[in-house]
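Student: Going by our numbering, the first residue of the sequence shown is number 94, and it counts up by one from there. Ideal Cβ positions, reconstructed from N, Cα and C, are used throughout, including at glycine. All figures in this text were calculated on a predicted structure; none of them were measured in a lab.
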Amino acid sequence: MSPSQPDRSSAISDAESLALSAELSAVIIAASVDEPMVLVRPGAPVDTLPAGPLQSEHRTLEAGLRAWVEQQTDLHLGYVEQLYTFGDADRIDMPTRGSRSLSIAYLALVRALRASARSGARWQNVYTYLPWEDWRDGRPAALERIEAFLRAWAARGPSDVGILREKRAALAFGLGTDSWSDELVLERYELLYEAGFVQEARHDGEAASPFPAADHPMGLDHRRILATALGRLRGKIKYRPVIFELMPESFTLLDLQRTVEGLSGVRLHKQNFRRLVETQGLVEETGELQTETGGRPARLVRFRREVLLERPSPGLRLSSTKRPPI
Numbered sequence: 094m095s096p097s098q099p100d101r102s103s104a105i106s107d108a109e110s111l112a113l114s115a116e117l118s119a120v121i122i123a124a125s126v127d128e129p130m131v132l133v134r135p136g137a138p139v140d141t142l143p144a145g146p147l148q149s150e151h152r153t154l155e156a157g158l159r160a161w162v163e164q165q166t167d168l169h170l171g172y173v174e175q176l177y178t179f180g181d182a183d184r185i186d187m188p189t190r191g192s193r194s195l196s197i198a199y200l201a202l203v204r205a206l207r208a209s210a211r212s213g214a215r216w217q218n219v220y221t222y223l224p225w226e227d228w229r230d231g232r233p234a235a236l237e238r239i240e241a242f243l244r245a246w247a248a249r250g251p252s253d254v255g256i257l258r259e260k261r262a263a264l265a266f267g268l269g270t271d272s273w274s275d276e277l278v279l280e281r282y283e284l285l286y287e288a289g290f291v292q293e294a295r296h297d298g299e300a301a302s303p304f305p306a307a308d309h310p311m312g313l314d315h316r317r318i319l320a321t322a323l324g325r326l327r328g329k330i331k332y333r334p335v336i337f338e339l340m341p342e343s344f345t346l347l348d349l350q351r352t353v354e355g356l357s358g359v360r361l362h363k364q365n366f367r368r369l370v371e372t373q374g375l376v377e378e379t380g381e382l383q384t385e386t387g388g389r390p391a392r393l394v395r396f397r398r399e400v401l402l403e404r405p406s407p408g409l410r411l412s413s414t415k416r417p418p419i
C-alpha cells in the first residue's frame with residue numbers, strides 16, 4: 094500500500110469501535126398572553142427538556158420524539174419541525190471511551206399550557222434561562238454584568254484575539270452600538286459559553302458563574318437547544334404564519350400583539366402593528382366581541398387560512414422593530 098492510500102481496514106475498525114447513540118429532544122413552546130413558555134422536566138440540580146433515546150421500535154425520528162413527549166408530559170404534539178443535530182463532544186456529560194452521543198432537536202408549538210401533574214413536567218418562562226433576550230421593559234438588568242464581563246474577556250487575550258472578541262461581542266450584543274438583532278439568540282449564548290459566563294461552560298469544579306443568583310442553567314446542552322429554537326422562531330414569524338400555531342381559535346389583535354412581543358422580546362407600536370396585520374390580510378373578524386377586557390369590548394378575529402394559498406411567505410414582517418434606547 095502506497096503512503097498516499099488510506100488504510101481502509103483501520104478506518105473501518107475505528108468506525109466499528111465508535112458507539113453512536115441518539116437522543117431526541119423537544120423544545121415545546123406555548124404562549125400565555127404575555128410570556129413565551131417552554132415545557133421542562135424539573136430536575137436536581139437543573140431542568141431539562143423532554144428527551145429520550147432513539148429506539149429500534151421508533152419508525153421515524155419524529156415518531157420517536159412524539160412518543161417520548163407523550164410519555165414524559167402527557168402532551169400530544171401538533172406542529173413539529175426539526176431544528177438541528179448537536180454532537181459536540183465537550184458539550185455533554187462525560188462520555189464513555191469509544192462512544193459519542195448526538196442530540197436531534199425539534200421545535201414544537203402548542204396552543205394551551207397543558208401538562209399532566211402526574212408527568213412532573215412544568216411550564217417555565219423562556220426568559221428564565223435567557224434573561225438577556227427580553228427588552229420589553231427596557232434594557233435587561235443582566236446585560237450590565239454581561240457587557241463588563243465580555244470586555245474583560247476580550248482584554249485578556251492577545252491583541253489580535255481581543256480585537257476579534259470585541260467585534261463578535263459588538264455584533265452579538267451591540268456593544269458600543271445601538272444595534273440589536275433579535276434573531277442572534279444562539280450566537281449570543283454561544284459567545285457567553287465560550288467566554289465562560291454561563292454555568293454550562295464550567296467544568297471540573299471551576300468557579301461558579303459570575304451571576305449564580307440570576308443564571309439558570311439547563312442539563313446537558315439543552316439551553317443551547319432552547320436558544321436555537323427561540324432564534325429560529327423569532328426569524329420564522331416574519332415570513333411564515335407560525336405565530337397562529339400558538340393562538341386560540343379566536344383572539345383579539347391586542348392578544349396577538351402581546352404574544353408577538355413576548356416571542357420577539359421587544360415592544361411594538363400598537364397602530365403600526367394593527368396596520369401590518371390588516372395589510373398582510375392575516376386575520377378576519379369573527380363577528381363576536383370579547384367583553385372581559387375591563388374596558389370597551391374588543392373585536393375577536395381568527396387566522397385567515399386562505400392567505401397560505403395567496404402568497405408563498407405570509408408573515409409578520411417586523412422590520413420597524415428596534416431595540417429600546419440604552
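Enumerate, from N- to C-terminal direction, the unbroken alpha helix (DSSP H) stretches of 4 or more residues contained entirely within the stretch 118-179.
Tutor: 154-166
Student: So who's on the other strand from Val376, going by DSSP bridges?
Tutor: Phe396
Student: For Trp216, report the span of its beta strand (DSSP E) as first-last.
Tutor: Unbroken beta strand (DSSP E) run through Trp216: 215-218.
Student: Let me confirm a value: Ser252 is counted as buried when at least 16 other C-beta atoms fall within 10 Å, else exposed. Which label applies?
Tutor: exposed
Student: Run the CB neighbour count on Thr321, radius 10 Å, all protein chains shown included, and call it buried at 16 or more, exposed below.
Tutor: buried
Student: To the nearest whole angstrom, what separates the beta carbons of Ala144 and Glu116, a pair I think is in contact under 8 Å?
Tutor: 5 Å between Cβ atoms; contact.
Student: According to the neighbour-count rule (16 or more other Cβ atoms, all chains shown, within 10 Å of its Cβ), is Gly355 buried or exposed?
Tutor: buried
Student: I'd like to know whether the C-beta atoms of Glu377 and Arg397 end up nearer to each other than 7 Å.
Tutor: yes
Student: Exposed or buried, what is Thr166 when buried is set at 16 or more other beta-carbons lying within 10 Å of its beta-carbon?
Tutor: buried
Student: Between the stretch 356-373 and the stretch 218-230, are three or more C-beta pairs nearer than 8 Å?
Tutor: yes
Student: Taking only three categories from DSSP, how would you classify Ile330?
Tutor: coil
Student: Looking only at C-alpha atoms, which of Leu349, Pro224, Arg249 sits nearest to Ile239?
Tutor: Considering only alpha carbons, the answer is Pro224.
Student: Report back the beta-carbon spacing between Glu276 and Arg327 to the nearest angstrom; my notes put them in contact at under 8 Å.
Tutor: 5 Å
Student: In angstroms, rounded to a whole number, what distance separates the CA positions of Leu346 and Glu128?
Tutor: When rounded, the distance between both Cα atoms is 16 Å.
Student: Which residues bound the alpha helix (DSSP H) around Ala234?
Tutor: Where Ala234 is concerned, there is no enclosing alpha helix (DSSP H), given that its DSSP letter is neither H nor E.
Student: Cutting at 7 Å between CB atoms, please list the residues of its own chain near Gln383, excluding the five before and the five after it.
Tutor: Thr345, Pro390, Ala391, Leu393
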